[in-house]
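Participant: As numbered in this note's numbering, residues 881 to 991 make up the sequence shown, in order. The structure follows.
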Amino acid sequence: MARTTASSANSDQDFLDYVVKALVDNPDAVKTSRKVDEMGVLLSVQTDKEDVGKLIGRQGNTAKALRTLLRVVGMKNHARVNLKIEEPEGSTHVPRERGSAPSDDMDDLKL
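Dropping the structure here:
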């Protein structure tokens with residue numbers, strides 16, 4: 881039984897690794913890590929600086945979807961799973977300040 885528990889314990893990390901590598905252009909640069917503490921499981925992912933935007937998605941939708949899927953995987957294993965996306969120096973993703981409104985991209989369109 882311990883063998884099943886050990887393999888299911890890392891299934892969340894294996895799942896994250898598989899999905900992230902499918903999303904990015906440079907799958908060889910993807911590194912995932914797993915840390916367990918009293919708050920649950922923290923999965924961290926690092927990618928190439930050019931791929932961070934793909935991982936986060938527009939308005940964070942891809943990251944939200946990944947977090948939702950990881951919660952489902954965690955529930956199956958009776959664990960609370962959180963995701964941290966590490967941004968490397970020089971990434972092309974520009975983080976938006978919390979609480980600030982998104983820029984109006986309609987002004988940039990030439991119709």
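Each residue gets a CB set at the ideal place from its N, CA and C atoms; glycine is no exception. Here the structure is a predicted model, which means the values were calculated and not measured.
Applying the criterion that 16 or more other CB atoms from any shown protein chain within 10 Å of the CB defines a buried residue, is Asp908 buried or exposed?
Facilitator: Exposed is the call here.
Participant: Just to confirm the assignment, what range does the beta strand (DSSP E) spanning Asn962 have?
Facilitator: Taken as a continuous stretch (DSSP letters only), the beta strand (DSSP E) holding Asn962 covers 961–966.
Participant: For Met881 and Met955, I'd like the C-alpha separation in whole angstroms.
Facilitator: The predicted model places Met881 with a pLDDT of 37, which falls under 50 and marks its position as unreliable; any figure quoted below should be read in that light. Whole-angstrom Cα-Cα distance: 19 Å.
Participant: Quick one: grab the DSSP three-state call for Lys934.
Facilitator: Lys934: helix per DSSP, three-state reduction.
Participant: May I have the straight-line CA-CA distance separating Asp931 from Phe895, to the nearest angstrom?
Facilitator: Going by the C-alpha atoms only, they are around 18 Å apart.
Participant: Among Val953, Leu946, Arg947, Leu935, which residue has its Cα nearest to the Cα of Glu967?
Facilitator: Cα-wise, what sits closest to Glu967 is Leu935.
Participant: Can you list, in chain order, the residues of its chain whose CB lies under 7 Å from that of Val953, leaving out five sequence neighbours each side?
Facilitator: Around Val953: Ser891, Asp892, Phe895, Val961.
Participant: Kindly indicate the opening and closing residues of the beta strand (DSSP E) around Val925.
Facilitator: Here the beta strand (DSSP E) through Val925 covers 920–926.
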